[in-house]
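Colleague:
There are 2 protein chains.
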Amino acid sequence: MAAVTAVTRWRLLLVLSTAALGAAGAPQPPNILLLLMDDMGWGDLGVYGEPSRETPNLDRMAAEGMLFPNFYTANPLCSPSRAALLTGRLPIRNGFYTTSGHARNAYTPQEIVGGIPDSERLLPELLKEAGYVSKIVGKWHLGHRPQFHPLKHGFDEWFGSPNCHFGPYDNRARPNIPVYRDWEMVGRYYEEFPINLKTGEANLTQIYLQEALDFIRRQQAARRPFFLYWAVDATHAPVYASKPFLGTSQRGRYGDAVREIDDSVGKILHSLQDLGIAESTFVFFTSDNGAALISAPKQGGSNGPFLCGKQTTFEGGMREPAVAWWPGRIPAGQVSHQLGSIMDLFTTSLSLAGLEPPRDRAIDGLSLLPAMLQGQLMDSVHHFGLRPWRGGENLCPVTSRAKALEPDPSHVPLCTGILCVRSHFLSSFRSLSLCSDKMSVPGCCDRMGVLKWPIFYYRGNTLMAVTLGQYKAHFWTWTNSWEEFRQGIDFCPGQNVSGVTTHTQEEHTRLPLIFHLGRDPGERFPLSFASTEYLDALRRITPVVRQHQEALIPGQPQLNVCNQAVMNWAPPGCEKLGKCLTPPESVPEKCSWPH
Amino acid sequence: MAAVTAVTRWRLLLVLSTAALGAAGAPQPPNILLLLMDDMGWGDLGVYGEPSRETPNLDRMAAEGMLFPNFYTANPLCSPSRAALLTGRLPIRNGFYTTSGHARNAYTPQEIVGGIPDSERLLPELLKEAGYVSKIVGKWHLGHRPQFHPLKHGFDEWFGSPNCHFGPYDNRARPNIPVYRDWEMVGRYYEEFPINLKTGEANLTQIYLQEALDFIRRQQAARRPFFLYWAVDATHAPVYASKPFLGTSQRGRYGDAVREIDDSVGKILHSLQDLGIAESTFVFFTSDNGAALISAPKQGGSNGPFLCGKQTTFEGGMREPAVAWWPGRIPAGQVSHQLGSIMDLFTTSLSLAGLEPPRDRAIDGLSLLPAMLQGQLMDSVHHFGLRPWRGGENLCPVTSRAKALEPDPSHVPLCTGILCVRSHFLSSFRSLSLCSDKMSVPGCCDRMGVLKWPIFYYRGNTLMAVTLGQYKAHFWTWTNSWEEFRQGIDFCPGQNVSGVTTHTQEEHTRLPLIFHLGRDPGERFPLSFASTEYLDALRRITPVVRQHQEALIPGQPQLNVCNQAVMNWAPPGCEKLGKCLTPPESVPEKCSWPH
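Protein sequence lines, in the order shown, are assigned to chains X and F.
Letter by letter, the first sequence follows residues 1 to 595 in the UniProt record's numbering.
Letter by letter, the second sequence follows residues 1 to 595 in the UniProt record's numbering.
1. Cα separation between residue 240 of chain F and residue 203 of chain F?
2. Three-state secondary structure (DSSP) at residue 465 of chain X?
3. Between which two residues does the beta strand (DSSP E) carrying residue 178 of chain F extend?
4. DSSP three-state call for residue 158 of chain F: helix, strand or coil?
5. Using the beta-carbon of each residue, which ones in chain F are nearer than 8 Å to residue 496 of chain X?
6. Taking CB distances under 8 Å as the criterion, tell me whether residue 70 of chain F reaches chain X.
7. Can you give me the start and stop residues for the beta strand (DSSP E) that residue 57 of chain X sits inside?
8. Got a sec? Which residues, its chain only, sit under 7 Å from residue 317 of chain X by beta carbon, not counting five neighbours each side?
9. Is residue 113 of chain F helix, strand or coil when you go by DSSP?
10. If contacts are defined as beta-carbon pairs under 8 Å, then residue 560 of chain X and residue 92 of chain X qualify, I think. What distance do you get, rounded to the angstrom?
11. Residue 596 of chain F to residue 60 of chain F, Cα distance in whole Å?
12. Consider the Cβ of residue 48 of chain X: report whether some Cβ of chain F lies at a distance smaller than 8 Å.
13. Output the boundary residues of the alpha helix (DSSP H) element that contains residue 79 of chain X.
14. To the nearest angstrom, how far is the alpha carbon of residue 212 of chain X from that of residue 286 of chain F?
15. Taking its Cβ as the centre, do 16 or more other Cβ atoms sit within 10 Å of residue 587 of chain X, making it buried, or is it exposed?
16. From residue 28 of chain X to residue 326 of chain X, what distance separates their C-alpha atoms?
17. Quick one: give me the first and last residue of the alpha helix (DSSP H) that residue 270 of chain F is part of.
18. Between residue 200 of chain X and residue 253 of chain X, which are expected to be in contact by the criterion C-beta below 8 Å, what is the C-beta distance as a whole number of angstroms?
19. Determine whether the beta carbon atoms of residue 324 of chain F and residue 66 of chain F lie at a separation below 8 Å.
20. Take the Cβ of residue 32 of chain F as the centre, count every other Cβ of all protein chains shown within 10 Å, and call the residue buried at 16 or more, exposed below.
21. Within this structure, are the beta carbons of residue 69 of chain X and residue 53 of chain F separated by less than 8 Å?
22. Can you pull the chain F residues whose beta carbon is under 9 Å from the beta carbon of residue 305 of chain X, in chain order?
23. Starting from residue 576 of chain F, trace the beta strand (DSSP E) both ways and give me its first and last residue.
24. Looking at the structure shown, is residue 69 of chain X part of a helix, part of a strand, or coil, going by DSSP?
25. Would you list the residues sitting across from residue 590 of chain F in a DSSP beta bridge?
26. Chain C partners of residue 522 of chain X, CB-CB under 7 Å?
27. Please identify, using Cβ separations under 8 Å, the residues of the segment 246-263 of chain F that lie next to chain X, in order along the chain.
28. Within 8 Å, do at least three Cβ pairs link the segment 176-195 of chain X to the segment 152-166 of chain X?
29. Specify the secondary structure class of residue 373 of chain F as computed by DSSP and reduced to three states.
30. In chain order, what residues of the same chain lie with their CB nearer than 8 Å to the CB of residue 143 of chain F, ignoring the 5 residues before and after it?
31. Got a sec: which bits of the segment 332-345 of chain X sit with their beta carbon under 9 Å from any beta carbon on chain F, in order along the chain?
32. Of the choices X:590, X:358, X:547, X:535, whose alpha-carbon is the least far from that of residue 601 of chain X?
33. Residue 170 of chain X: buried (16+ other C-beta within 10 angstroms of its C-beta) or exposed?
34. Looking at the C-beta of residue 311 of chain X, does it have a partner C-beta in chain F at a distance below 8 Å?
35. To which residues of the same chain is residue 516 of chain X closer than 7 Å at the C-beta, ignoring the five residues directly before and after it?
36. Of all Cβ atoms in chain F, is any one closer than 8 Å to the Cβ of residue 166 of chain X?
The structure is reproduced here in structure tokens:
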């Protein structure tokens, strides 16, 4: 079979998939529903091994859909991850990073001056081209100054807040965070939208649930394809739950919040079924970063067997629970070992809408659609079992992340089942060469038929680590400073891997620490530098990293400058509510990012 | 409703359950199949969150059966746990412990002089009374001298070995471990039964599988109820797998062994279905102790989110994967949060056979049958979800462990669904008083309707810890000595909880370290001594421990004396094979148990 044929067949499959997406009689692309959690960890769901197993609805979602145990966020912190999800680009490209110090995490508090640049093209903006109506429910976190408003970046509706629900503030030194409906604020946290820090009671998840159900109903009635981005934040400290859920979890208040979210997800999925649009709605559940172990156990979740949590570039900081659900399209009860990224949701969503990702910039997301739909080509499989390797048309996901490797992404591997193909291309396929080993071609598919794309782990503008296939290489290791650690700020409580969970920034760029994540998901046993396995892994990883770094054009960093004057003193609509506050004098300062 | 009525009703349910057990037309008790793993950890199954998810058959077994996430072994080491399983009694009672040092683990190597005492009544011996034919396939580990032979303790057939598959030995300083068929050896490991330590290849799991299938077929043909104890050891270092499985796991050789066992379990369950006896066979899968992290990552498994592993009394050492399967009887896809113990399999098996546990001794196992069967009284539930609290006849397991608390087990709680009952009884129910709070009665059922029985954690004759409900109290903490630790013997690699994972024996008997295992399954955050929660938990735990210790009559310790002369030099049958070796002079010595 000629290589060109493989490519043609690949494109054909994509075209067929896209063409067949509309419901019978209505050539309409599927609805897209992204459920994004806040600081929820990989280990927080029953299906991911949480011992209390209090997530029956999410577990059922997994049983009816596809589980991605190797799914990653783009950053161990909330706001850069969210920017990455909506742009399909690493924070280092879209500007959600800082250059204020070496390897520093940064996010979007209300004194931040930056936000999502106009030059970035966000998912809802692109989906408009295919007729989608888009709503964000919950936390935006891509900037709160007027130019960053979500309705200026493609969303048609918004109910939620621009920043984290920290507080309560005194409205003199700091204003409480506003809650918006569309263009205008409708109140503030701790004021019109109470959160009882003592009891943990807040009604917000219920409000966010109703906002979602209402939006879905309206779009279904209008027969418009919709994109709903449901970004709830009850599992971010201070965690909260509404009264019926408070005190109901074996896991304490954090578990109460998880249970309420689980219940809400169940209601959302049921509503899709009741409205008859489950089979025309793609749903994906994931989280923005690992569980915040610094808030555990009372206000933080679980990262299961993984090392450390939020703020770190160990697996616990960046590996996320991930479930895809699309009855009738994504086969039930499957597990995909494809390395996936939150940025893939950008490209996957565009694929669903029949759209191409922007061609004028590097895009880091690839479409997971083939990985999700290829199961249809296979025998029906056991629940939660291993997806067996099958030959034939067992296509691996491809293309989009390759484009991110411009200008010279040579030797990017493609996989077409029993054929493994190395492609050399710039903006499109240029030449292809076949390799015949069907089972385990280095740098190509692994024996499960999973394509090896890299996952990059950044802190600020420092590439801390990369994962390729089962191998993860750390170029820098750091949790936080001794100074912070001695004050009780611990991102890895109870965990201590000598020379790995370090409190000084340790450089390993010349001889990275490499772990095999299959044998050692907890990153406890670095491979011996002298082993053949180490040298083989390094040989494969090195060119991928070099390529990435050589081609990288960092965006303008958005998270360097802070200013008390830009806080939410007088958001639009404050006049109507009589809730405008007077900002202090404008004093731009360098933000402080201690870790 | 009078208290007596509740008891009567309870007994009635038991009687009904037992009476209804036989297949239609055949008043025969169900077959019992216990699948006992060796050093497999809680986190090793896909359904328990192992990221590679390579156990489709075990995961399906869970989906078709009931999962017990809070299931414990009786000791963090293999041979005492196995003795506990077969006697229904803690090692401190049945003699499988040492008094050679404080808080020392001990097991059954081939130089051990002791073994299972004749005075202990083993499960197969008792099941004979109900007409069962019993076979052990795999590791016995209850003593290898003639008087300890499994066929002298109730088993009718044996294929397997008396000790661990360590070796190869030179047959001069130490003999290789024999493999028995029934009364006589048929060869030795590394000789007739090769294990390639370099490649990890061994055919033993396949042999054990065939032994199981053959036994099941024979008993089904003879229409005799059977007890099969399938005690395979491929996941104990040195781990092994047969050729078709070697190199197939993402987890390395340990994963290869798991995959082969998973495949074998699938074949065993299928055979039950093919033979039409699935609905008359109770199957339970668990492991003897936590994963041996000292052998990780190449030869050791995963304890998921739990602390440390084998040899320790932290959760990683004693919490086990556990799945019950009995199509048509145990409802599918359920989770039971009942605290369960490997010793409960003894009492549960007797209940299945319509037998009572021995009345002349303390029995630590309770019957899990009501917990397993009560699901039938409930609505069908979601897969892998939380079992919802239901009122009515939602009975909690009861009786047997209460008896173990003699002579004065007052205030042992019973639970009958929405009624919570405190009973005061000696050898039988004496008086009962009702308490009306249906949701969360201290010391009684928790809000999930799960009865709170204690789990005791011993090292040697030292009570290290106890778990009651969600609370675990450590009276002693120790991993191993500094001396061993500095030599690289690490039972908690990558984990370090200050003041908890200690290398000196730390006494906390007056003020135990208490953890809430729901919020903090990893035992990282001890409760504050000053908190109300701590004091409440201590108040509930203290009388349970006092009662246990006051009533305890330790058995004669079997694991104190070692002697090179008692090793497997000349097992029965060696003459026929020409494989008798000459033992050295008999020199009894105190065994060395360093940790």
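Glycine included, C-beta positions come from ideal geometry on N, C-alpha and C.
Note that the coordinates shown come from a computational prediction; the quantities given were computed from them, not determined experimentally.
Modeller: Quick answer:
1. Within the second sequence, residue 240 of chain F is the residue found at index 240, counting from 1. Within the second sequence, residue 203 of chain F is the residue found at index 203, counting from 1. Those two C-alpha atoms are separated by around 8 Å.
2. In the first sequence, counting from the first residue as 1, residue 465 of chain X sits at position 465. Correct three-state label for residue 465 of chain X: strand.
3. For the purposes of this step, residue 178 of chain F is identified with residue 178 of the second sequence, where counting begins at 1. Run containing residue 178 of chain F: 178-181, per the beta strand (DSSP E) assignment.
4. In the second sequence, residue 158 of chain F corresponds to position 158, counting from 1. Residue 158 of chain F: strand per DSSP, three-state reduction.
5. As a position in the first sequence, residue 496 of chain X is number 496, starting the count at 1. Chain F residues near residue 496 of chain X: 494, 495, 496.
6. Numbered from its first residue, the second sequence carries residue 70 of chain F at position 70. Yes, its Cβ sits closer than 8 Å to a Cβ of chain X.
7. As a working note, residue 57 of chain X is residue 57 in the first sequence. Looking at the DSSP string, residue 57 of chain X is not in any beta strand (DSSP E); the run it does join, the alpha helix (DSSP H), is 56-64.
8. In the first sequence, counting from the first residue as 1, residue 317 of chain X sits at position 317. Closer than 7 Å at Cβ, skipping near neighbours: 76, 289, 290, 308, 309, 310, 311.
9. Taking the second sequence and counting its residues from 1, one reaches residue 113 of chain F at position 113. Three-state result, residue 113 of chain F: coil.
10. Position 560 of the first sequence, counted from the first residue, corresponds to residue 560 of chain X. Position 92 of the first sequence, counted from the first residue, corresponds to residue 92 of chain X. Contact flag wrong, Cβ pair sits at about 14 Å.
11. Because chain F here runs from 1 to 595, residue 596 of chain F falls outside it and cannot be looked at.
12. Locating residue 48 of chain X in the first sequence gives position 48, counting from the first residue. Taking Cβ atoms only, chain F reaches closer than 8 Å to residue 48 of chain X, which makes this a yes.
13. Against the first sequence, residue 79 of chain X aligns to sequence position 79. 78-87 is the extent of the alpha helix (DSSP H) around residue 79 of chain X.
14. The sequence position of residue 212 of chain X within the first sequence is 212, counting from 1. The sequence position of residue 286 of chain F within the second sequence is 286, counting from 1. Rounded to the nearest angstrom, the two C-alpha atoms are 43 Å apart.
15. Along the first sequence, read from residue 1 onward, the residue named residue 587 of chain X stands at position 587. Classification of residue 587 of chain X: exposed, given that the 10 Å Cβ count is below 16.
16. Your numbering for residue 28 of chain X matches position 28 in the first sequence. Your numbering for residue 326 of chain X matches position 326 in the first sequence. So the two alpha carbons sit approximately 15 Å from each other.
17. Residue numbering aside, residue 270 of chain F sits at position 270 when the second sequence is read from its first letter. Note, residue 270 of chain F: alpha helix (DSSP H), 253-274.
18. Position 200 of the first sequence, counting from 1, holds the residue named residue 200 of chain X. Position 253 of the first sequence, counting from 1, holds the residue named residue 253 of chain X. Indeed, because the Cβ distance is near 5 Å, the residues count as touching under 8 Å.
19. The residue labelled residue 324 of chain F in the question sits at position 324 within the second sequence. The residue labelled residue 66 of chain F in the question sits at position 66 within the second sequence. Going by C-beta atoms, residue 324 of chain F is nearer than 8 Å to residue 66 of chain F.
20. Within the second sequence, the letter at position 32 stands for residue 32 of chain F. It counts as buried.
21. Locating residue 69 of chain X in the first sequence gives position 69, counting from the first residue. Locating residue 53 of chain F in the second sequence gives position 53, counting from the first residue. Yes, these two residues count as a Cβ contact at 8 Å.
22. By 1-based counting over the first sequence, the position of residue 305 of chain X is 305. Neighbours of residue 305 of chain X on chain F, chain order: 43, 49, 50, 51, 302, 303, 304, 305.
23. Sequence index remark: in the second sequence, residue 576 of chain F carries index 576 (1-based). No beta strand (DSSP E) holds residue 576 of chain F; the alpha helix (DSSP H) holding it covers 574-577.
24. Indexing the first sequence from 1 puts residue 69 of chain X at position 69. In this structure, residue 69 of chain X counts as coil in the three-state DSSP scheme.
25. Position 590 of the second sequence, counting from 1, holds the residue named residue 590 of chain F. Partner(s): F:561.
26. Looking for chain C here will not work: the only protein chains present are X and F.
27. 248, 249, 250, 251, 252, 254, 255
28. yes
29. Locating residue 373 of chain F in the second sequence gives position 373, counting from the first residue. Three-state DSSP puts residue 373 of chain F in a helix.
30. Here residue 143 of chain F refers to the residue found at position 143 of the second sequence. These residues qualify, in order along the chain: 108, 112, 114, 115, 116, 162, 558.
31. 333, 335, 337
32. Given a span of 1 to 595 for chain X in the structure shown, any question on residue 601 of chain X remains unanswerable.
33. What you label residue 170 of chain X is simply residue 170 of the first sequence in a count that begins at 1. Answer is exposed; the Cβ neighbour count stays below 16.
34. Taking the first residue of the first sequence as 1, we reach residue 311 of chain X at position 311. It does not: the Cβ of residue 311 of chain X has no partner Cβ on chain F nearer than 8 Å.
35. In the first sequence, residue 516 of chain X corresponds to position 516, counting from 1. Same-chain partners within the cutoff: 470, 471, 527.
36. The residue given as residue 166 of chain X occupies position 166 in the first sequence. Closer than 8 Å: no.
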